[in-house]
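Sequential numbering of the sequence shown, starting at 43, is according to my numbering.
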Amino acid sequence: MRRKLARADRAKIAESSLSVPTRRTGTLPQMTSPLEWVRRNPIAAATVVYVGYSAVMLRLDNRMRATGGPGIIPLELAGSAAKAEEILVRWGEAGQRAARQSMWLDFGYMSSYGALLGLLIEHRRRRRGHPAWLPALAASAVVGDAVEGVALIRVLDGQNIAMNARIAQVAALIKFAILAGALGYSGYPGKQSSDFRVEIRPFA
43 MRRKLARADR AKIAESSLSV PTRRTGTLPQ MTSPLEWVRR NPIAAATVVY VGYSAVMLRL
103 DNRMRATGGP GIIPLELAGS AAKAEEILVR WGEAGQRAAR QSMWLDFGYM SSYGALLGLL
163 IEHRRRRRGH PAWLPALAAS AVVGDAVEGV ALIRVLDGQN IAMNARIAQV AALIKFAILA
223 GALGYSGYPG KQSSDFRVEI RPFA
């Protein structure tokens, strides 16, 4: 009897030595996919895109300045053939090449700041209970920038410089006015509407 008990004890010891200890597992938090993060944080995502695009545009602007000429904004506001041609001469071939690249990339850039500005206006509009058409101000600024961009590309191509410089100036002034008003609206705290409710979206 004792031998049987001893053999049983040895079998239990051997079994316990071979068994692999199990680790307690809990429910792991689900990882948020990039697309899901963008959907839940549209303003943050638009800010990242805008900042990245701004770095590229600033690099091109610095290349224009490196030639001894100005950045792109003085060309936007030139308004006459004489001023536009003076800037083109100061830039030379290298500066004009950088300006042309900047103009083509600007069509993407205006989309990035337009999206960000529209989201900021919408966020502020909802807090104040203002009309739903207000985010369209951002689209108006983008349209003005697009008209300006086409006119400046034609200036760089030497096509009717006087007329296109004037078109670019008017479009740029409209764009800057809309941007100033929209940024002021989205940045001013104002009074929150009593109907506004903050919705907290969980990550899980």
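Every residue, glycine too, gets a C-beta built ideally from N, C-alpha and C. Since the structure is predicted, the reported quantities are computational estimates derived from the model, not experimental observations.
If you drop the 5 nearest sequence neighbours on each side, which residues of the same chain put their C-beta closer than 6 Å to that of T64?
Because the pLDDT at T64 is just 49, under 50, the model does not fix this residue reliably, and the point stays unresolved.
For the segment 71-122, list the alpha helix (DSSP H) runs that are entirely contained and at least 4 residues long, ordered along the chain.
76-82, 84-108 and 114-118
Is DSSP giving A174 helix, strand or coil here?
coil
How about A204 and E190: are their beta carbons less than 9 Å apart?
no
For N206 and P84, what's the separation of their Cα atoms in angstroms?
36 Å
L119 versus L215: straight-line alpha-carbon distance, rounded:
8 Å
I'd like the ranges of any beta strand (DSSP E) spanning at least 3 consecutive residues and lying wholly in the segment 130-198.
none
Are the segment 169-188 and the segment 219-233 touching, with three or more C-beta to C-beta distances below 8 Å?
yes
For R196 and K217, the rounded distance between their alpha carbons
19 Å
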